[in-house]
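Residue numbers (our numbering): 211 to 375.
Backbone N, C-alpha and C fix where the C-beta goes; we use that ideal spot for every residue, glycine too.
Data first, discussion second: the structure below is written as structure tokens.
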Amino acid sequence: MIQTEFQQLPVAAGTSTAQPSPHTLRGAETNFFADAAEQQFDITILAQSVHVVAKPVQYSWNYGDGTHQGPLPASGGPLPQDRWGEKTPTSHVYTLTGDFNVVLTTHFKGTYSVNGGPPLPIPGQGVFNAPPQTVSVWRSVTRNYADTCLENPRGQGCPGAAPLP
């Protein structure tokens, strides 16, 4: 009964953050990390006061393109901007462009105590999904030119130049 009650609590799964965000590049590593916190609830079961503690212990990602990862014991973490694009345990490479809804699933272990008694483990885990986060995957095109716009004002990439086909 406690496992059923645990799964129905309003446990916040936390948030998922992407780097870079909200836009990333096709073919590049996109770093994802979770931020989830321990939560406590006071409920009544069979006329008894029950205190429940939910602690995040594992994290899974649905990257929105048919790829899943996890559950992993670590939530990942932010990278400094100069390291964006590095592979991390929670990163993902998109092979297509478009908008993808990324869903974080956080797995919680729980304990409960009845009427102020000692904490007891809740069997299994509670599994909770965060709201989807949209990530836009773009493509990038790089072109090199031999001269500057000062040297050749009508050259490709210069203001007023004919657009590329």
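Rounded to whole angstroms, the gap between the alpha carbons of E296 and G274 is 20 Å. If the five residues before and after R364 are omitted, its C-beta is found closer than 6 Å to the C-beta atoms of A371, all from its own chain and listed in chain order. In the three-state DSSP reduction, T214 falls in the helix class (H, G or I).
About 7 Å separates the CB atoms of T234 and Y304; that is less than 8 Å, so the two are in contact.
By the criterion of a C-beta distance shorter than 8 Å, C368 is surrounded in its chain by C359 and N362, once the five residues flanking it on both sides are discounted. With at least 16 other beta carbons inside 10 angstroms of its own, G320 counts as buried. As computed with DSSP, Q250 is found in a beta bridge with V263.
D245 is bridged by DSSP to T225. Beyond the five residues adjoining it in sequence on each side, V263 comes within less than 6 Å, by CB distance, of Q250 and T321 in the same chain, given in chain order.
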